[in-house]
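Visitor:
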Amino acid sequence: MDKHLPIITLVILFLYSYGTHAQTDDMPAAESIGRPGEISQVSRNIKLTLLEYMFLPNEIWVTQGETINFVVKNTGNRDHELLIGTHEDLKKAAKIRRKHPDKLETEPGLIQLAPGEQKQLIWHFDKEGIIEFACPLPGHFKGMRGTIYVERK
29 MDKHLPIITL
39 VILFLYSYGT
49 HAQTDDMPAA
59 ESIGRPGEIS
69 QVSRNIKLTL
79 LEYMFLPNEI
89 WVTQGETINF
99 VVKNTGNRDH
109 ELLIGTHEDL
119 KKAAKIRRKH
129 PDKLETEPGL
139 IQLAPGEQKQ
149 LIWHFDKEGI
159 IEFACPLPGH
169 FKGMRGTIYV
179 ERK
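For what it's worth, the numbering used here labels the leading residue of the sequence shown as 29, then goes sequentially.
What follows is the structure in structure tokens.
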């Protein structure tokens, strides 16, 4: 196997994460982060890769009213989580995880993945605006963050 293949793959994934979408600096924070969705309502799949310490892609564009099936794979060597929420909610979750790092949380918009594990998270986006996702585990939150741009229909 070519020893440069993992590096080339990372570069391709990194470039892919930049996307080709227009700047959305004027887009407001979403009034709602949405809710868990139903498999029968899924309009498309979006693959997310987790590794130390980033999400690929880290910017995602969806349309208001869409239900997305996030197919999330942890390709890293550590446990990771994916939590969808407002910036404040994510900061609060990271603070709680620092105090209780071994406590397993269960809440809508959260999945926990061991190294090599793949899971799905089905989410319905009901309002336009910007919401975020992050890994709230201790030491991960600073770098493992991303943005979901929910565009008007």
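Where is the CB? At the ideal position from N, CA and C, for every residue including glycine.
By the 10 Å Cβ neighbour count, where 16 or more other Cβ atoms means buried, how is residue 102 classified, buried or exposed?
Guide: Indexing the sequence shown from 1 puts residue 102 at position 74. So residue 102 ends up on the buried side.
Visitor: Which word fits residue 108, buried or exposed, when buried means at least 16 other C-beta atoms lie within 10 angstroms of its C-beta?
Guide: Residue numbering aside, residue 108 sits at position 80 when the sequence shown is read from its first letter. Counting Cβ neighbours within 10 Å, residue 108 comes out buried, since at least 16 surround it.
Visitor: Given this structure, state the Cα-to-Cα distance separating residue 62 from residue 105, to the nearest angstrom.
Guide: Here the question's residue 62 lines up with position 34 in the sequence shown. Here the question's residue 105 lines up with position 77 in the sequence shown. Going by the C-alpha atoms only, they are around 30 Å apart.
Visitor: Return the residue from the list 111, 178, 119, 174 that minimises the CA-CA distance to residue 19.
Guide: Absent from the model: residue 19. The displayed extent of the chain is 29 to 181, so no value can be given.
Visitor: Note down the Cα distance separating residue 71 from residue 99, rounded to an integer number of angstroms.
Guide: Counting from one through the sequence shown, the residue named residue 71 turns up at place 43. Counting from one through the sequence shown, the residue named residue 99 turns up at place 71. Rounded to whole angstroms, residue 71 to residue 99 spans 13 Å at the Cα level.
Visitor: Return yes when the Cβ of residue 151 is within less than 8 Å of the Cβ of residue 67, no when it is not.
Guide: As a first step, residue 67 must be located in the sequence shown, where it is residue number 39. As a first step, residue 151 must be located in the sequence shown, where it is residue number 123. Taking 8 Å as the Cβ cut-off, residue 67 and residue 151 do not qualify as a contacting pair.
Visitor: Please report the residue range of the alpha helix (DSSP H) in which residue 122 lies.
Guide: By one-based count along the sequence shown, residue 122 stands at place 94. Here the alpha helix (DSSP H) through residue 122 covers 115–127.
Visitor: Helix, strand or coil for residue 61, going by three-state DSSP, please let me know.
Guide: Position 33 of the sequence shown holds residue 61. In the structure shown, residue 61 sits in coil (DSSP, three-state: anything other than H, G, I, E or B).
Visitor: Report all residues from its chain with a CB closer than 7 Å to the CB of residue 79; omit the five preceding and five following residues, and keep chain order.
Guide: Here residue 79 refers to the residue found at position 51 when the sequence shown is read from its first residue. So the qualifying residues of the chain are 103, 104.
Visitor: Within the present structure, is the beta-carbon of residue 77 separated from the nearest heavy atom of the ligand COA by less than 7 Å?
Guide: With respect to the ligand COA, the structure shown offers nothing to examine, as it has no ligands at all.
Visitor: If the criterion is Cβ atoms closer than 8 Å, does the pair residue 175 and residue 87 meet it?
Guide: To locate residue 175, count along the sequence shown from 1; it is residue 147. To locate residue 87, count along the sequence shown from 1; it is residue 59. Judged by beta-carbon spacing, residue 87 lies within the 8 Å limit of residue 175, meaning their Cβ atoms are closer than that value.
Visitor: Starting from the Cα of residue 135, find the closest Cα among 92, 64, 179 and give me that residue.
Guide: Numbered from its first residue, the sequence shown carries residue 135 at position 107. Checking every option, the nearest Cα to that of residue 135 belongs to 64.
Visitor: Where do the N-terminal and C-terminal ends of the beta strand (DSSP E) with residue 173 fall, by residue?
Guide: The residue given as residue 173 occupies position 145 in the sequence shown. Counting along the chain, the unbroken beta strand (DSSP E) around residue 173 starts and ends at 173–179.
Visitor: Please decide whether residue 176 counts as near chain B, where near means a Cβ-Cβ distance under 8 Å.
Guide: The question asks about chain B, but that chain is absent: this structure has only one protein chain.
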